[in-house]
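A.B. asks:
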Amino acid sequence: MIVLNDRHQMCYTVPHNKGVPNLYPESAHFVAMPSVFATGFLVGLMEWVCIEHLDVAKHLDDGEGSLGLVIDMVHDAACTEGAVLDVNCVCIDIGKRSVTWQVEVYCQDVLMGHGKHKRVIVDKQKFANHVNSQTAVIGGKVIEWR
Numbered sequence: 001m002i003v004l005n006d007r008h009q010m011c012y013t014v015p016h017n018k019g020v021p022n023l024y025p026e027s028a029h030f031v032a033m034p035s036v037f038a039t040g041f042l043v044g045l046m047e048w049v050c051i052e053h054l055d056v057a058k059h060l061d062d063g064e065g066s067l068g069l070v071i072d073m074v075h076d077a078a079c080t081e082g083a084v085l086d087v088n089c090v091c092i093d094i095g096k097r098s099v100t101w102q103v104e105v106y107c108q109d110v111l112m113g114h115g116k117h118k119r120v121i122v123d124k125q126k127f128a129n130h131v132n133s134q135t136a137v138i139g140g141k142v143i144e145w146r
């Protein structure tokens with residue numbers, strides 16, 4: 001189980017397909033931008049370290065999953081393909097059904113991004129059932145959460 005001040009870290013090497021033009025390749029605006037590590041992918045990386053922390057710490061019971069609820073982050077510096085990022089999170093709050101982390105991403109000594117991320121713990125099947133009940137109203141496809 002995760003406790004306050006519990007830490008987790010991971011290392012990530014930026015691949016060729018995580019530049020801004022790859023974020024929404026159907027958008028001419030994104031495609032025209034330089035191929036630096038996209039803020040959207042940085043957000044996902046910050047979520048990833050927290051999701052992994054939940055898994056490594058065995059914080060979730062069988063049948064539970066987590067959903068990103070809040071992300072408040074700053075993209076401090078640019079990097080490109082091949083940059084090796086150190087992604088660190090520390091638990092700063094544990095609620096009845098949520099966990100919040102402070103997250104920092106470094107490339108060597110350069111702060112690439114920092115912020116807070118909160119995830120809510122849900123029953124996977126109940127969540128999938130709820131989403132699927134909405135497809136008749138709002139459209140979209142039926143989901144399955146494995």
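In terms of UniProt numbering, the sequence shown is numbered consecutively and its last residue is 146.
Note that beta-carbon positions come from the ideal geometry of N, C-alpha and C, so glycine has one too.
1) Taking Glu52 as part of the alpha helix (DSSP H), name the residues at either end of that continuous run.
2) Runs of 4 residues minimum, wholly inside the region 66-119: which ones carry the alpha helix (DSSP H) assignment?
3) Within 8 Å, do at least three Cβ pairs link the region 39-52 to the region 63-83?
4) Which class does Val3 belong to by DSSP, given the choice of helix, strand or coil?
5) Please report the residue range of the alpha helix (DSSP H) in which His29 lies.
6) Check His59 in the structure and name its three-state DSSP category.
7) Count the C-beta pairs between the region 15-33 and the region 88-96 that are closer than 8 Å, then say yes if the count reaches three, no if not.
C.D. replies: This is what the structure gives:
1) Start and end: 39-56.
2) Contiguous alpha helix (DSSP H) elements confined to the region 66-119 do not occur, taking only those with 4 or more residues.
3) When Cβ pairs closer than 8 Å are counted between the two stretches, the region 63-83 is seen to touch the region 39-52, the count reaching three or more.
4) Here Val3 sits in coil by DSSP.
5) Segment 28-31, the alpha helix (DSSP H) holding His29.
6) Here His59 sits in coil by DSSP.
7) Not touching, per the Cβ criterion.
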